[in-house]
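This note's numbering puts the first residue of the sequence shown at 2, with every later residue one more than the last. The block underneath contains the structure these notes are about, expressed in structure tokens.
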Amino acid sequence: MEQLPYLDYGSVMRRKLGGRMQKLAIDAGFSCPNRDGKVGHGGCTFCLGEAFSPSYCRSSKELTQQIESALRFHASRGRSADYFVAYMQSGSNTYADTLTLERTYNAIISHPAISGLIVGTRPDCITPEILQLLEDISKCKYVAVEYGIESVYDSTLSHVNRGHDFATASYAVAETKARGIDVGAHFIIGLPNESRSDILEGISHINTLGIDFVKFHQLQIYHSTAMEREWNEDPERFLFNHNFNIKEYSELMIDIIRRLSPSIAIERMVSQAPRHLIAHSPLGGIRPDELRNIVISKMQNRGYKQGDLLL
Ligand code: SF4
């Protein structure tokens, strides 16, 4: 097997589960406290809910039907896997009473094809009761929680109307890890007012969290969002203003990886969303495997490794 210059999430999961994993995106229809007024109104300024759900996955379909559709979707594209893990990505998937969550999670994990559950949620949307539920499930199936943290800077989190701070994220990660549950985190690269050096300095805060895996996504600005209006008013606030390109993004990603703790598996370096939804994207719809190959090739040619700039 090829020796990669960073800890690859796919390889880590293959070791954990004992074979190749395929995630199945499931939309259980949970809403978000940053939209319904519990935490805030209007949501995060970058958020466009439909950008996160593949076509086979719609919350109106029964969960079992979604799993069956997802299995057919991947089979039709020739994607084989030894293990299928349900991935609850859309919305805040711990935002309901514990009984509702228990019924939902159980409906998913009781499907015979499902070997595990990855629950995407906000860091301020977790309680000891929910963690206990997830811990109980983790005794028979693989479980991970993926927190959308987005930035390590409170000023940025406030600016994008995130509705929580970084301390809340640190606490949620620590409480989840204390239950023996794997934790992932999602960060957006290029949020307003964050410079290249801010992003690189912020990696030390990511290293202190104690997460198991990380996803980095380039900022994509969707049509009809508050962030599109902000971009139109003042694009200079954005690192990815007019001239940012794939070469610069790959170099930034390499600099991030070299500062990232070698114990954190990297799941993604770039995101994709349907083109018709995107108003501005610095990378013009590059595929994750294309960017990944560029980063790997440059790091190998230069003899770089994940974390080699850490003291
Ligand atoms: S927390 Fe997630 S679902 Fe809610 S508004 Fe923000 S990005 Fe959208």
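Backbone N, C-alpha and C define an ideal beta-carbon position, used for all residues, glycine too.
* Asked: What separation, rounded to the nearest whole angstrom, lies between the Cα atoms of SER156 and GLN66?
  -> One-based indexing of the sequence shown puts residue 156 at position 155. One-based indexing of the sequence shown puts residue 66 at position 65. Rounded to the nearest angstrom, the two C-alpha atoms are 42 angstroms apart.
* Asked: Where does GLY43 fall in DSSP's three states?
  -> As a first step, residue 43 must be located in the sequence shown, where it is residue number 42. Residue state for GLY43 is assigned as coil, using DSSP reduced to three classes.
* To do: Have a look at MET22 and LEU240 and give me their C-alpha separation to the nearest angstrom.
  => Here residue 22 refers to the residue found at position 21 when the sequence shown is read from its first residue. Here residue 240 refers to the residue found at position 239 when the sequence shown is read from its first residue. One C-alpha to the other measures close to 35 angstroms.
* Asked: Which runs of the alpha helix (DSSP H) fall wholly inside the stretch 154 to 219 and span at least 4 residues, in chain order?
  -> 155 to 160, 167 to 178, 197 to 210
* **CB of ILE182 within 8 angstroms of CB of VAL215, strictly** => For the purposes of this step, residue 182 is identified with residue 181 of the sequence shown, where counting begins at 1. For the purposes of this step, residue 215 is identified with residue 214 of the sequence shown, where counting begins at 1. Cβ distance not < 8 angstroms, so ILE182 and VAL215 don't count as in contact.
* To do: Confirm the yes/no value for this check: CB of ASN35, any heavy atom of ligand 1, distance under 7 angstroms.
  => On the sequence shown, position 34 is the one that residue 35 refers to. ASN35: yes, Cβ under 7 angstroms from ligand 1.
* To do: Could you check if LEU134 is buried or exposed, using at least 16 other CB atoms within 10 Å of its CB as the buried criterion?
  => Here residue 134 refers to the residue found at position 133 of the sequence shown. LEU134 should be labelled buried.
* ALA76 - DSSP class collapsed to helix/strand/coil -> The count along the sequence shown starts at 1 and reaches residue 76 at position 75. DSSP places ALA76 in helix when its eight states are reduced to three.
* Asked: Excluding sequence positions up to five away, which residues of its chain have a Cβ less than 6 angstroms from the Cβ of GLY164?
  -> Your numbering for residue 164 matches position 163 in the sequence shown. Counting only Cβ-Cβ distances below 6 angstroms, and skipping sequence neighbours, we find ASN35, VAL40, GLY41.
* Is the Cβ-Cβ distance between LEU284 and TYR250 less than 8 angstroms? -> Indexing the sequence shown from 1 puts residue 284 at position 283. Indexing the sequence shown from 1 puts residue 250 at position 249. In contact: LEU284 and TYR250 (Cβ atoms closer than 8 angstroms).
* Pull up the CB-CB distance for GLN307 and PRO6, whole angstroms please, since I reckon it's below 8 angstroms. => The residue you call residue 307 lines up with position 306 of the sequence shown. The residue you call residue 6 lines up with position 5 of the sequence shown. So it is a contact: roughly 6 angstroms between Cβ atoms.
* Residues of its chain near MET254, where Cβ-Cβ distance is below 6 angstroms and the 5 sequence neighbours each way are ignored -> Taking the sequence shown and counting its residues from 1, one reaches residue 254 at position 253. In its chain, beyond the 5 residues on either side, MET270, VAL296 have a beta carbon closer than 6 angstroms to the beta carbon of MET254.
* Asked: Helix, strand or coil: which one does DSSP assign to LYS248?
  -> Within the sequence shown, residue 248 is the residue found at index 247, counting from 1. Note: LYS248 maps to helix in three-state DSSP.
* **Buried or exposed by the 16-neighbour rule on C-beta atoms within 10 Å, applied to CYS141** => Walking along the sequence shown from the start, residue 141 turns up at place 140. CYS141 should be labelled exposed.
* **Residue nearest to THR177 in terms of C-alpha spacing, selected from ASP166, VAL146, SER159, TYR154** => For this step, residue 177 is matched to residue 176 along the sequence shown. Considering only alpha carbons, the answer is VAL146.
* What do you reckon, is the C-beta of CYS48 under 7 angstroms from a heavy atom of ligand 1? -> Here residue 48 is taken as the residue at index 47 of the sequence shown, counted from 1. With a cutoff of 7 angstroms, CYS48 counts as near ligand 1, since its C-beta is closer than that to a heavy atom of the ligand.
* **Beta carbon of ALA114 nearer than 8 angstroms to that of PHE74** => Indexing the sequence shown from 1 puts residue 114 at position 113. Indexing the sequence shown from 1 puts residue 74 at position 73. No; because the gap between Cβ atoms is not below 8 angstroms, this pair is not in contact.
* Asked: Once you ignore the five residues that flank LEU132 on each side, which residues in its own chain have a CB closer than 8 angstroms to its CB?
  -> In the sequence shown, counting from the first residue as 1, residue 132 sits at position 131. The residues are GLU176, THR177, ARG180, ILE182.
* **Residue nearest to ILE279 in terms of C-alpha spacing, selected from ILE138, MET228, ASP290, CYS126** => If you number the sequence shown from 1, residue 279 lands on position 278. Nearest C-alpha to ILE279: MET228.
* Excluding sequence positions up to five away, which residues of its chain have a Cβ less than 6 angstroms from the Cβ of GLU136? -> Position 135 of the sequence shown, counted from the first residue, corresponds to residue 136. Excluding positions up to five away in sequence, the list reads ARG180.
* **Top-ranked residue by Cα proximity to ALA170, from ILE207, GLU234, ASP9** => For the purposes of this step, residue 170 is identified with residue 169 of the sequence shown, where counting begins at 1. Comparing C-alpha distances from ALA170 to each of ILE207, GLU234, ASP9 shows the shortest one belongs to ILE207.
* Asked: Nearest to ILE109 by alpha carbon, out of SER32, SER152, GLY79, ASP28?
  -> For the purposes of this step, residue 109 is taken as the residue at position 108 of the sequence shown. Among SER32, SER152, GLY79, ASP28, the Cα nearest to that of ILE109 is on ASP28.
* What do you reckon, is the C-beta of SER205 under 7 angstroms from a heavy atom of ligand 1? -> Stepping through the sequence shown from its first residue, residue 205 is reached at position 204. Because no heavy atom of ligand 1 lies under 7 angstroms away, the Cβ of SER205 does not count as near it: no.
* DSSP puts TYR88 in a beta bridge; with which residues? -> By one-based count along the sequence shown, residue 88 stands at place 87. DSSP, once it has assigned bridges, lists ALA26, ILE119 as partnering TYR88.
* Asked: So CYS33 packs on TYR96, CB below 8 angstroms; how close in whole Å?
  -> As a first step, residue 33 must be located in the sequence shown, where it is residue number 32. As a first step, residue 96 must be located in the sequence shown, where it is residue number 95. With 8 angstroms as the limit, CYS33 and TYR96 qualify as a contact, their Cβ atoms being about 7 angstroms apart.
* Asked: Whose CA, out of ALA173, ASN242, GLY203, VAL161, lies closest to the CA of THR122?
  -> Counting from 1 along the sequence shown, the entry for residue 122 is found at position 121. It is ALA173 whose Cα lies nearest to the Cα of THR122.
* What is the rounded straight-line gap between the Cα of HIS160 and the Cα of ILE150? -> What you label residue 160 is simply residue 159 of the sequence shown in a count that begins at 1. What you label residue 150 is simply residue 149 of the sequence shown in a count that begins at 1. So the alpha carbons of these two residues sit roughly 14 angstroms apart.
* Cβ-heavy atom distance, SER111 to ligand 1, below 7 angstroms -> Taking the sequence shown and counting its residues from 1, one reaches residue 111 at position 110. No, the beta carbon of SER111 sits no closer than 7 angstroms to any heavy atom of ligand 1.
* To do: Going by CA-CA distance only, name the one from SER272, PHE217, SER139, THR209 that's closest to PHE167.
  => Walking along the sequence shown from the start, residue 167 turns up at place 166. Nearest option by C-alpha distance: THR209.
* Closer than 7 angstroms: GLY149 CB and nearest ligand 1 heavy atom -> Taking the first residue of the sequence shown as 1, we reach residue 149 at position 148. The answer is yes for GLY149.
* Could you give the C-beta distance for LEU310 and ARG260, rounded to a whole number, given that I count them as a contact under 8 angstroms? -> Taking the first residue of the sequence shown as position 1, residue 310 is located at position 309. Taking the first residue of the sequence shown as position 1, residue 260 is located at position 259. Contact flag correct, Cβ pair sits at about 5 angstroms.
* **Distance cut-off 7 angstroms: SER93 Cβ against heavy atoms of ligand 3** => As presented, the structure is devoid of ligand 3, carrying ligand 1 as its sole ligands.
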